[in-house]
Amino acid sequence: MLEAIAKEEGFKYEVDAVGFDAAMAAVESGQSDGMIAGMSITDERKEKYDFSESYYTSKVCFATEKGSKIKTMEDLKGKNVVAKVGTVGAKYAEANAKKYGYKVKQVDASPTMYQEVVSGNAAACFEDYPVMNYEIQEKGQKLQVPFISNDGSEYGFAVKKGENSELIEKFNSGLKKIKENGEYQKIIDKYAKEK
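The sequence shown: position 85 = 85 (this note's numbering), numbered continuously.
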């Protein structure tokens, strides 16, 4: 998405492939100008960041090991599930744990979360759907997504609060252009279309 927006607006960028927490720390410390991947717009985050317009409404899902018979939230009763600390998926899992009778373990990194499921230590992992879909389709995770909730969050491009308003304006302008020219829908269909 950022590539298409940058092309429309004529700005250059470099991507630092770091974990989510490291990316937030890089923006807060001024090492990075902005952050885009899976950055949910929340009131808590608005205290530290300025956000672009929402570029995607993400729903929470859970994934299980391929071939698992678990299909619904009710199927998780009495089981262990896993989620990544500080994510919308973790909040969703925790909020529904008592209702559906499962236990939640939180871990710091996505690969650890996926491994918990594949190794049998957890029946399912909770994550934003586009993130999970990407992991399965592009990185070959041995998982399946049987459940997508109606709950989720808006994603936005974030910069350190009070700084880089020009970058936010360029992002918003480019986002509008790629929506108008059809590039946005191509990206959504490739990476985030619900199956």
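Ideal Cβ positions, reconstructed from N, Cα and C, are used throughout, including at glycine.
Taking only the alpha-carbon atoms, compute the straight-line gap between Phe-171 and Glu-14 and give it to the nearest angstrom.
15 Å
Contact between the stretch 118-131 and the stretch 79-97: three or more CB pairs below 8 Å?
yes
Please list the segments of the alpha helix (DSSP H) lying wholly inside the stretch 65-152, counting only runs of 4 or more residues, in order along the chain.
88-100, 110-118, 129-139
Contiguous alpha helix (DSSP H) assignments of at least 4 residues, all confined to the stretch 13-37:
The stretch 13-37 contains these whole alpha helix (DSSP H) runs: 20-29.
For Ser-110 and Glu-47, the rounded distance between their alpha carbons:
25 Å
Where DSSP assigns a beta bridge to Tyr-56, which residues make up the other side?
Tyr-155
Local Cβ density within 10 Å of Ser-29, reported as buried at 16 or more and exposed below that:
exposed
Sequence-distant residues of the same chain with beta carbon closer than 6 Å to Phe-62, five excluded per side
Ala-124, Phe-126, Phe-147
Determine the contact status of Gly-152 and Ser-58, defining contact as a CB-CB distance below 8 Å.
yes
Where does Phe-11 sit, in a helix, a strand or coil, going by DSSP?
Note: Phe-11 maps to coil in three-state DSSP.
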